[in-house]
Amino acid sequence: MPRSRLSRRAVLKTGLGVAGLIAAPALFGCTERRSWSQGDPFTLGVAAGDPSPDGFVLWTRLAPEPLSFDPATPGGMTDGRVQLGYEIAADPSLRYIVRRGTALAGPEDAYSVHVEISGLMPGRPYWYRFFSGDATSPVGRAMTLPAADSQPDRLRFAFVSCANYEHGYFAAYRHLAEEEPDLVLFLGDYIYEYIDPRPGMVRRHSDGLDCVDLWTYRNRYAQYRLDPDLQRLHAAAPMLMTWDDHEVQNDYAGEWSATFMPRELFLKRRAAAYRAFYEHMPVRPHRSHPDGPAMQLYDRFAFGDLAEISMIDGRQYRSREACYAPPNKGGGHLEGNESCPERLDPSRSMIGGAQEAWLFDGLARSSARWNILGQDVLMAQFRQRRPPDPASGFWTDGWDGYPASRGRLLQQIHERGVRNAVVLSGDIHAFFANDLKPDFDDPRSPVVATEFVGTSISSRGPNYDQFMASIPDNPHMRFFDSRVRGYSTVDLTPGQMTVRFQALSDVADPRATVSTLRTFVVEDGRAGAAAG
Ligand code: FE
Ligand code: CA
Numbered sequence: 360m361p362r363s364r365l366s367r368r369a370v371l372k373t374g375l376g377v378a379g380l381i382a383a384p385a386l387f388g389c390t391e392r393r394s395w396s397q398g399d400p401f402t403l404g405v406a407a408g409d410p411s412p413d414g415f416v417l418w419t420r421l422a423p424e425p426l427s428f429d430p431a432t433p434g435g436m437t438d439g440r441v442q443l444g445y446e447i448a449a450d451p452s453l454r455y456i457v458r459r460g461t462a463l464a465g466p467e468d469a470y471s472v473h474v475e476i477s478g479l480m481p482g483r484p485y486w487y488r489f490f491s492g493d494a495t496s497p498v499g500r501a502m503t504l505p506a507a508d509s510q511p512d513r514l515r516f517a518f519v520s521c522a523n524y525e526h527g528y529f530a531a532y533r534h535l536a537e538e539e540p541d542l543v544l545f546l547g548d549y550i551y552e553y554i555d556p557r558p559g560m561v562r563r564h565s566d567g568l569d570c571v572d573l574w575t576y577r578n579r580y581a582q583y584r585l586d587p588d589l590q591r592l593h594a595a596a597p598m599l600m601t602w603d604d605h606e607v608q609n610d611y612a613g614e615w616s617a618t619f620m621p622r623e624l625f626l627k628r629r630a631a632a633y634r635a636f637y638e639h640m641p642v643r644p645h646r647s648h649p650d651g652p653a654m655q656l657y658d659r660f661a662f663g664d665l666a667e668i669s670m671i672d673g674r675q676y677r678s679r680e681a682c683y684a685p686p687n688k689g690g691g692h693l694e695g696n697e698s699c700p701e702r703l704d705p706s707r708s709m710i711g712g713a714q715e716a717w718l719f720d721g722l723a724r725s726s727a728r729w730n731i732l733g734q735d736v737l738m739a740q741f742r743q744r745r746p747p748d749p750a751s752g753f754w755t756d757g758w759d760g761y762p763a764s765r766g767r768l769l770q771q772i773h774e775r776g777v778r779n780a781v782v783l784s785g786d787i788h789a790f791f792a793n794d795l796k797p798d799f800d801d802p803r804s805p806v807v808a809t810e811f812v813g814t815s816i817s818s819r820g821p822n823y824d825q826f827m828a829s830i831p832d833n834p835h836m837r838f839f840d841s842r843v844r845g846y847s848t849v850d851l852t853p854g855q856m857t858v859r860f861q862a863l864s865d866v867a868d869p870r871a872t873v874s875t876l877r878t879f880v881v882e883d884g885r886a887g888a889a890a891g
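Adding 359 to a residue's 1-based position in the sequence shown gives its number in this note's numbering.
As structure tokens, then:
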């Protein structure tokens, strides 16, 4: 670590010893003198995300009263702008500081900061913390991407989704944090916007309110971020973020709510939800600072020549749900080809024209050994039967609602010979391992990519027996289990990808243990999931 030694020498030259390096930052005059009489302002923890080869984004939000409900004083903050200090070190005990700086937090972003760091060394971990007056944040771990021209021999990451606070504890986040992955892909449903009326909730959304405006979304994020297991995960590993529907409203599609709200009203709600998401996530301000109801989240990340990860936004730009009609077809519903020909309309898109062009272009140009898509919903076709109804149907809220859009993507992967395409998905609260084909109904259609769907962190799964009864009608589905909650890890080398499905012993037990349910291997050059 030549850089950290250099840096230490440089600091020693200024007359400060190692003790000075770990002392309160007031010594360095980087934050105003201030005592937090209200209490700790770092109640929501810290986070890192969106790495580049020379930096990443560091996040925190000042909130001494995190669940304060007064719109004029978000998080209990009353006074104008507040200066924060931060330091980044080359070692976990923060002795070898490589960077110090300041950032301003203000009411416009609910006293959150998104510090874009650059100028660091590629392909290595860093540790960081924030300061404000006499308060110090927990220490977080971040990571820079490997250099563009490097040949990494390994990448260890994880993917997670669907953490309904009311349905259980976040022990899965804690177990994942203990694994210290290089990176975590978040694939949607970070919060749930509604209050679940069913019996048997493990814990409650404390305000008892459905989120509809900035204050209710903001407080929902604050409640989730107070969870110690979620805080641990953010501190342990940087994240790449995308969202699904529950960050706004169940089963919304682009500008259309699932509840037939007038379009303008729904876009106001979407704008509030996106803003609250931005305020709580370690995302790049230059890319993602929200502009009314618009916020760009999709992006790609290169890990030398080993992998390229494209994070996809499957909600903001999608066409309206197929056969959208009151009173009960505003969101996902099962439709057959006769009942809803609109579903097959080639003009429908899951990700919108601009994102589709960006994705196809990126995949065509990629020279990475592994091309990974992180996205929100099940991509493989899933022909479902719901006895006693003898007809089969397709769920309109997943890619099955946008089969032409899916066909274009998989055909593109096939025609361009995209190397080792792997799709990682969430939403459905179940593990799946699937072969992806341009035409699922044609047995001769080639397997061009592999899909792994991660189960939920805590959200209740779909009925196992009912889904299992349909699996034989879907021979491209190699594995399915909706009975457990958990997370998924990926160990990637040039020669193979190993995916572990990790299952929690009991989501209602905060001290639940975790075990490996199944392991799959994808070999370089051979699409499809084989048992590991
Ligand atoms: Fe979900
Ligand atoms: Ca969802």
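By construction, the Cβ of each residue, glycine as well, lies at the ideal position given by its N, Cα and C atoms.
Note that the structure is a prediction, hence the values are computed from the model and not measured.
Distance between residue j and residue i (C-alpha atoms, nearest Å)
i, j, result
"L568", "I554", "6 Å"
"D883", "P797", "20 Å"
"H773", "V849", "23 Å"
"L453", "E446", "8 Å"
"D756", "Y683", "11 Å"
"P644", "N730", "26 Å"
"L443", "G813", "37 Å"
"V806", "R885", "9 Å"
"R563", "P587", "16 Å"
"D566", "A889", "46 Å"
"G887", "G434", "47 Å"
"I456", "V543", "25 Å"
"R431", "S841", "The amino acid occupying residue 431 in the given sequence is Ala; Arg does not appear at that position. Cα to Cα, A431 sits roughly 43 Å from S841."
"M331", "F839", "Outside the shown range of the chain, which is 360 to 891, sits residue 331, and nothing can be said about it."
"Y583", "L573", "16 Å"
"R490", "W395", "According to the sequence as given, residue 490 is Phe; it is not Arg. If you take the alpha carbons of F490 and W395, they lie about 11 Å apart."
"F660", "S669", "6 Å"
"V881", "V781", "9 Å"
"S726", "A506", "14 Å"
"F387", "D493", "With a pLDDT of only 42 at F387, under 50, the local geometry of the prediction cannot be trusted, and the value read off the model is given with reservation. Roughly 13 Å separates the two Cα atoms."
"D832", "Q743", "8 Å"
"K688", "A750", "18 Å"
"P802", "P558", "44 Å"
"A382", "A406", "Unreliable positioning characterises A382 in this predicted model, as indicated by a pLDDT of 37, which lies under 50. The coordinate reading is nonetheless provided below. The alpha-carbon atoms of A382 and A406 are separated by roughly 22 Å."
"E475", "T809", "34 Å"
Option in the options with minimal Cα separation from residue i
i, options, result
"F719", "M560, Q770, L463, W754", "Q770"
"V642", "R765, Q397, S411, G689", "S411"
"Y551", "D468, Y524, E538", "Y524"
"S520", "Y823, G733, S394", "G733"
"P597", "D409, D603, R728, G673", "D409"
"A612", "I710, P686, E539, F518", "I710"
"G481", "S394, W717, L504", "The sequence given here has Pro at residue 481, not Gly. For the residues S394, W717, L504, the minimum Cα distance to P481 belongs to L504."
"A635", "V571, W615, T872", "V571"
"S616", "R677, R707, A581, W758", "R677"
"G854", "T461, R659, R728", "R728"
"P951", "A681, S818, S829, A716", "Not covered by the structure: residue 951. The range shown for the chain is 360 to 891."
"A681", "D672, P705, M670, A661", "P705"
"R459", "H593, E467, T852, A449", "A449"
"S427", "R674, N578, G712", "N578"
"G499", "R767, L656, S874, F415", "F415"
"E467", "M560, Y549, T437", "T437"
Host alpha helix (DSSP H) of residue i (start-end)
i, result
"F619", "Where F619 is concerned, there is no enclosing alpha helix (DSSP H), given that its DSSP letter is neither H nor E."
"H605", "Here H605 belongs to no alpha helix (DSSP H), and DSSP marks it neither H nor E."
"F826", "823-829"
"G785", "Run containing G785: none; DSSP gives neither H nor E here."
"D720", "712-724"
Boundaries (first-last residue) of the beta strand (DSSP E) holding residue i
i, result
"N578", "Segment 573-584 is the alpha helix (DSSP H) holding N578; no beta strand (DSSP E) there."
"P749", "748-754"
"Y895", "No information on residue 895 is available, as it lies outside the stretch 360 to 891 that the chain covers here."
"S669", "666-670"
"Q861", "855-863"
"I476", "471-476"
"I731", "729-733"
"D588", "Counting along the chain, D588 falls outside any beta strand (DSSP E), though it belongs to the alpha helix (DSSP H) covering 587-595."
Supposed contact pair residue j and residue i - C-beta distance, whole angstroms, cut 8 Å
i, j, result
"A462", "Y470", "Incorrect: roughly 11 Å between the Cβ atoms, too far for contact."
"F621", "Y637", "The question names Phe, yet the displayed sequence has Pro at residue 621. Rounded, the Cβ-Cβ distance is 24 Å, inconsistent with contact."
"R591", "A536", "4 Å"
"A867", "V561", "5 Å"
* Asked: Quick one: any contact between the region 392-401 and the region 421-434, if contact means 3 or more CB pairs under 8 Å?
  -> With a cut-off of 8 Å on Cβ pairs, the region 392-401 is in contact with the region 421-434, counting three or more such pairs.
* Three or more C-beta pairs closer than 8 Å, one from the region 651-667 and one from the region 507-520: is that the case here? -> yes
* Would the region 603-616 and the region 631-640 be scored as touching if the rule is three or more Cβ pairs under 8 Å? -> The region 603-616, when compared against the region 631-640, does touch it at the 8 Å Cβ threshold.
* To do: Check whether the region 735-751 touches the region 784-801, taking contact to mean three or more Cβ pairs, one atom from each stretch, closer than 8 Å.
  => yes
* Tell me, please, whether the region 525-536 touches the region 858-867 by the rule of three or more beta-carbon pairs shorter than 8 Å. => yes
* To do: Report yes or no: do the region 816-823 and the region 773-789 share at least 3 C-beta pairs separated by less than 8 Å?
  => yes
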